[in-house]
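This report concerns only the one structure given below.
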DNA sequence: TGAGGAAAGTGCGTGGCACGCATGTTTGCG
DNA sequence: CGCAAACATGCGTGCCACGCACTTTCCTCA
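Chains as they are written, first to last, in our numbering: chain A, 1 to 203; chain B, 1 to 203.
Structure, rendered in structure tokens:
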């Protein structure tokens, strides 16, 4: 049962995050005040900091949500599916624009890549994004642990897998941004190389 | 030729970083002002921000330096050494306390682990540390690219290797912090698993 | 060797941010 | 319907990051 309270809260959170991204893409990071974002989202400036600890965190929160959904998706893959196949599926799955993206006005490719660019180029946002990745890695490690019968608290294995997966995700995004190749292909390629032990290319 | 100017600068930088770590370990992150750190390092508060953009960055800078030295070390390994062996060597090499650590009063194990703890537990420092890792990853990718004849700008391979190596480094540190196992053993183990393609454990 | 210039250190001022606290307002539940 | 908890808001505060102008220190080259 999801109360109206919880729903409103998620809406406000999403509105703030969207507003932050949109305004910062338009004007640049330090020409956007917290006040602007709050106004855009129809909420008081003080409320902004009830949801996010900083502008950067607001921008990164959409990334975090996506990664956490990926971890959930991984949990729901059939248990007898091979690990690497399940992970690759989960990753690709979450790169399809969700309903809230389609519902949003002008949530198209340009805005998406512009947002990506922020994540890699604005120092404060890069830091927040990486931190989101670290949080998500815990969730992924838990999922991998559940699937392989290893304990993330004592065993490096699931954490290694999680960290590697997150790295592949970041790298595929970065490469997509630069070369424009299909992100699904990039992800699949990265995962294939990792599962093969990253052997040096034979020249 | 290294002028006195450059030397002084590095000394000030190191003094600020040390002061930041020491004070924050003692009192906690938000009970240390930039002013305190500057005083401790014998420099004006304004000067602090000529070296670092934030308290967190000052703490993370030692980590960054270490990782960059690791990239250099990797470049200097014999060219005919297998890639994974060279990387593992470089990683372990840089985990020996350098001369500036031994020279420093009380630069012992407890301070080291306390500093590590900061990196994982204080949000702002975690973010700065991760960002340092991302910077270092570029240097490592360049070294791997040089060694394998791949181009980090266009090829995912060296970047995948770099990201994975950095992840192993972080994870080994974290595991060391929790379990107290030998960091060298942890690094070697992590690298072995990665080079083997992270196969799921057969129960 | 000493004068010019670049780089580093410093003091001051400012806009903005993160957050504690107190208060009003909405929501869920018995 | 009414109460308690959760949430939104306003206000105030301490700190921070940084621009600018000025002084001091060091390097270079004629």
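Even for Gly, the Cβ is constructed at its ideal location relative to N, Cα and C.
Any C-beta of chain B sitting closer than 8 Å to the C-beta of residue i?
{"i": "residue 193 of chain A", "result": "yes"}
{"i": "residue 189 of chain A", "result": "yes"}
{"i": "residue 45 of chain A", "result": "no"}
{"i": "residue 164 of chain A", "result": "yes"}
{"i": "residue 131 of chain A", "result": "yes"}
{"i": "residue 134 of chain A", "result": "yes"}
{"i": "residue 20 of chain A", "result": "no"}
{"i": "residue 73 of chain A", "result": "no"}
{"i": "residue 64 of chain A", "result": "no"}
{"i": "residue 10 of chain A", "result": "no"}
{"i": "residue 175 of chain A", "result": "yes"}
Ignore the nearest five residues each way along the sequence and tell me which others in residue i's own chain have a CB closer than 8 Å to its CB.
{"i": "residue 177 of chain A", "result": "113, 116, 117, 120"}
{"i": "residue 170 of chain A", "result": "133"}
{"i": "residue 83 of chain A", "result": "144, 147, 148, 161"}
{"i": "residue 138 of chain B", "result": "152, 162"}
{"i": "residue 25 of chain B", "result": "111, 114, 115, 118"}
{"i": "residue 168 of chain A", "result": "91, 187, 190, 191, 194"}
{"i": "residue 181 of chain B", "result": "175"}
Rounded to whole angstroms, what is the Cα-Cα separation between residue i and residue j?
{"i": "residue 179 of chain A", "j": "residue 110 of chain B", "result": "46 Å"}
{"i": "residue 67 of chain B", "j": "residue 34 of chain B", "result": "25 Å"}
{"i": "residue 147 of chain B", "j": "residue 75 of chain B", "result": "8 Å"}
{"i": "residue 78 of chain A", "j": "residue 85 of chain A", "result": "11 Å"}
{"i": "residue 63 of chain A", "j": "residue 22 of chain B", "result": "34 Å"}
{"i": "residue 190 of chain A", "j": "residue 172 of chain A", "result": "7 Å"}
{"i": "residue 65 of chain B", "j": "residue 129 of chain A", "result": "22 Å"}
{"i": "residue 136 of chain B", "j": "residue 11 of chain A", "result": "38 Å"}
{"i": "residue 27 of chain A", "j": "residue 126 of chain A", "result": "18 Å"}
{"i": "residue 200 of chain B", "j": "residue 194 of chain B", "result": "11 Å"}
{"i": "residue 162 of chain B", "j": "residue 58 of chain B", "result": "24 Å"}
{"i": "residue 4 of chain B", "j": "residue 124 of chain A", "result": "33 Å"}
{"i": "residue 156 of chain A", "j": "residue 164 of chain B", "result": "13 Å"}
{"i": "residue 260 of chain B", "j": "residue 90 of chain B", "result": "Here chain B has residues from 1 to 203 only, and residue 260 of chain B is not among them."}
{"i": "residue 42 of chain B", "j": "residue 16 of chain B", "result": "9 Å"}
{"i": "residue 187 of chain B", "j": "residue 87 of chain B", "result": "10 Å"}
{"i": "residue 93 of chain B", "j": "residue 140 of chain B", "result": "15 Å"}
{"i": "residue 95 of chain A", "j": "residue 184 of chain A", "result": "8 Å"}
{"i": "residue 81 of chain B", "j": "residue 202 of chain A", "result": "15 Å"}
{"i": "residue 54 of chain A", "j": "residue 36 of chain A", "result": "13 Å"}
{"i": "residue 70 of chain B", "j": "residue 166 of chain B", "result": "10 Å"}
{"i": "residue 131 of chain B", "j": "residue 7 of chain A", "result": "34 Å"}
{"i": "residue 197 of chain A", "j": "residue 198 of chain B", "result": "7 Å"}
{"i": "residue 9 of chain A", "j": "residue 9 of chain B", "result": "49 Å"}
{"i": "residue 50 of chain B", "j": "residue 40 of chain B", "result": "16 Å"}
{"i": "residue 154 of chain A", "j": "residue 154 of chain B", "result": "37 Å"}
Counting only the same chain and skipping the five closest in sequence on each side, list residues whose C-beta sits under 7 Å from that of residue i.
{"i": "residue 145 of chain B", "result": "151, 152, 158"}
{"i": "residue 38 of chain B", "result": "44, 45, 47, 48"}
{"i": "residue 122 of chain B", "result": "29"}
{"i": "residue 56 of chain A", "result": "124, 125, 127, 128"}
{"i": "residue 174 of chain A", "result": "120"}
{"i": "residue 142 of chain A", "result": "152"}
{"i": "residue 20 of chain A", "result": "37, 55, 58, 59"}
Using a C-beta cutoff of 8 Å, does residue i count as contacting chain A?
{"i": "residue 28 of chain B", "result": "no"}
{"i": "residue 116 of chain B", "result": "no"}
{"i": "residue 197 of chain B", "result": "yes"}
{"i": "residue 159 of chain B", "result": "yes"}
{"i": "residue 91 of chain B", "result": "no"}
{"i": "residue 150 of chain B", "result": "yes"}
{"i": "residue 156 of chain B", "result": "yes"}
{"i": "residue 14 of chain B", "result": "no"}
{"i": "residue 68 of chain B", "result": "no"}
{"i": "residue 168 of chain B", "result": "yes"}
{"i": "residue 128 of chain B", "result": "yes"}
{"i": "residue 123 of chain B", "result": "yes"}
{"i": "residue 201 of chain B", "result": "yes"}
{"i": "residue 83 of chain B", "result": "yes"}
Once you ignore the five residues that flank residue i on each side, which residues in its own chain have a CB closer than 6 Å to its CB?
{"i": "residue 61 of chain B", "result": "17"}
{"i": "residue 210 of chain B", "result": "Absent from the structure is residue 210 of chain B, since the part of chain B shown begins at 1 and ends at 203."}
{"i": "residue 32 of chain A", "result": "23, 24"}
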